[in-house]
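In this note's numbering, the protein residues as written are 1476 to 1663.
Positions of the beta carbon are idealized from the N, C-alpha and C atoms, including for glycine.
Just below is one structure, and these are the notes that go with it.
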């Protein structure tokens, strides 16, 4: 990487952090580019050399977050059965939420922004569907099974994050282990 690349990376990281900090205080719609620049201690010209507006900044950040979630989920390749797969996926997803707590809280909870949840759902449904293709069964269509469990996991995960992680991640994984049946059957 050359110096220019490092400066760009540093600037984008500062802008991401500043945007998330501002979103903790007020709704995204109320934030101005000048607010971002003032808090980040950068010139507006610097901002505009990277982004056309605050929407592009948010989209770029969410895109980076999506890529990091995809990379995280790639670690879930050595599970023996569907239940193990789901439990490992949930653990990885909860880790990702913990590591990126600010953006999840700011976009999903504080700003009621469904874009973030749509992206998370898309990533997780794709991962689940790809995993379920490997198994044979005939009772429940794959996409119904994937969306059913995903809806539960995402909803409970957001509540867990929103409520200050009232339960530990390990407790949550234990509860999911009880809730997910040992044999999940799906229809091709």
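Secondary structure note for residue 1521: its alpha helix (DSSP H) is the uninterrupted segment 1519 to 1525. When only Cα atoms are considered, residue 1634 and residue 1576 end up about 12 Å apart. The segment 1541 to 1555 makes contact with the segment 1567 to 1581; the number of CB pairs closer than 8 Å reaches 3 or more. Between the alpha carbons of residue 1486 and residue 1561 lies a distance of about 37 Å. Between residue 1581 and residue 1495, the gap from beta carbon to beta carbon is short of 7 Å. In this structure, residue 1515 lies near residue 1489, with their beta-carbon atoms less than 7 Å apart. Between the alpha carbons of residue 1620 and residue 1534 lies a gap of roughly 29 Å. Within the segment 1594 to 1647, the complete alpha helix (DSSP H) segments of 4 residues or longer fall at 1617 to 1637, listed in chain order. Within the same chain, no residue comes within 8 Å of residue 1653 by CB-CB distance, once the 5 residues on both sides are set aside. With fewer than 16 other CB atoms across the displayed protein chains lying within 10 angstroms of its CB, residue 1593 is exposed. Shown here for residue 1596: same chain residues with a beta carbon closer than 7 Å to its own, the five before and five after excluded, namely 1625, 1629 in chain order.
CA-CA distance, residue 1497 to residue 1558, rounds to 39 Å. Rounded to whole angstroms, the gap between the alpha carbons of residue 1632 and residue 1519 is 37 Å. For the pair residue 1566 and residue 1617, the Cα-to-Cα distance works out to about 21 Å.
Within the same chain, and ignoring the five residues on either side of residue 1552 in sequence, no residue has its Cβ closer than 6 Å to its Cβ.
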